[in-house]
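Novice: Residue numbers (the working numbering): -12 to 140.
Note that CB positions come from ideal geometry on N, CA and C, so glycine has one too.
Sending over a structure as structure tokens; questions will come in a sec.
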């Protein structure tokens, strides 16, 4: 799907982003990194809120940042990492994480607007574990802009 260098860049950027997670309630830090068509990387970290429903996942934060920069259609791949936070607020753990259902839907919106399936690298906060999945595998039969006659795909 993608070479090891790109995977390693995305996972490293997602891990760095997770250090900025605001997760005082779940104590589970997540970072996301978006690979753009020109090789740039845009990151995001989860932001929790005392009113839990207002919390934002790392993937959503990163995609919103890309959209705010006018680059929603430039996303090629995504790296996601996370884990339980230690006393210093650093995500730890060797089990890979994957986007939640809400994030899969948000990623699908960007993918359909870009006219491409997206590679999602699911990684752990620590260690070498990272697995590639296509969005279409993680969210089969997705509803999105295409169903409303919008988008390029």
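Is the beta carbon of residue 10 sitting closer than 8 Å to the one on residue 35?
Specialist: By one-based count along the chain shown, residue 10 stands at place 23. By one-based count along the chain shown, residue 35 stands at place 48. Against a cut-off of 8 Å, the Cβ pair of residue 35 and residue 10 comes out as a contact.
Novice: On the CB-based measure, 16 or more other CB atoms within 10 Å of its CB, does residue 140 come out buried or exposed?
Specialist: Reading the chain shown from its first residue, position 153 is the one you call residue 140. Residue confidence is low: residue 140 scores 46 on pLDDT, short of 50, so the model does not pin down where it sits. No coordinate-derived value is stated.
Novice: Identify, in the order they occur along the chain, each residue of the same chain with its Cβ nearer than 6 Å to the Cβ of residue 131, setting aside the five sequence neighbours on each side.
Specialist: In the chain shown, residue 131 corresponds to position 144, counting from 1. Closer than 6 Å at Cβ, skipping near neighbours: 95, 96 and 99.
Novice: Apart from the five residues just before and just after residue 81, which ones in its own chain have a Cβ nearer than 7 Å to its Cβ?
Specialist: One-based indexing of the chain shown puts residue 81 at position 94. Excluding residues within five positions, the ones whose Cβ falls inside 7 Å are 111, 113, 114 and 116.
Novice: Where does the unbroken beta strand (DSSP E) through residue 109 begin, and where does it stop?
Specialist: Here residue 109 is taken as the residue at index 122 of the chain shown, counted from 1. Start and end: 106 to 110.
Novice: Please report the straight-line C-alpha distance between residue 47 and residue 28, rounded to a whole angstrom.
Specialist: On the chain shown, position 60 is the one that residue 47 refers to. On the chain shown, position 41 is the one that residue 28 refers to. Distance between the alpha carbons of residue 47 and residue 28: 15 Å.
Novice: For residue 40, is the classification buried or exposed, using 16 other Cβ atoms within 10 angstroms of its Cβ as the cut-off for buried?
Specialist: Taking the chain shown and counting its residues from 1, one reaches residue 40 at position 53. Exposed is the call here.
Novice: Within its chain, find whatever has a CB closer than 6 Å to the CB of residue 93; leave out the 5 residues flanking it on each side and keep chain order.
Specialist: Within the chain shown, the letter at position 106 stands for residue 93. Hits under 6 Å: 47 and 50.
Novice: I need the straight-line Cα distance from residue 83 to residue 68, nearest angstrom please.
Specialist: By one-based count along the chain shown, residue 83 stands at place 96. By one-based count along the chain shown, residue 68 stands at place 81. Straight-line Cα distance between these residues: approximately 7 Å.
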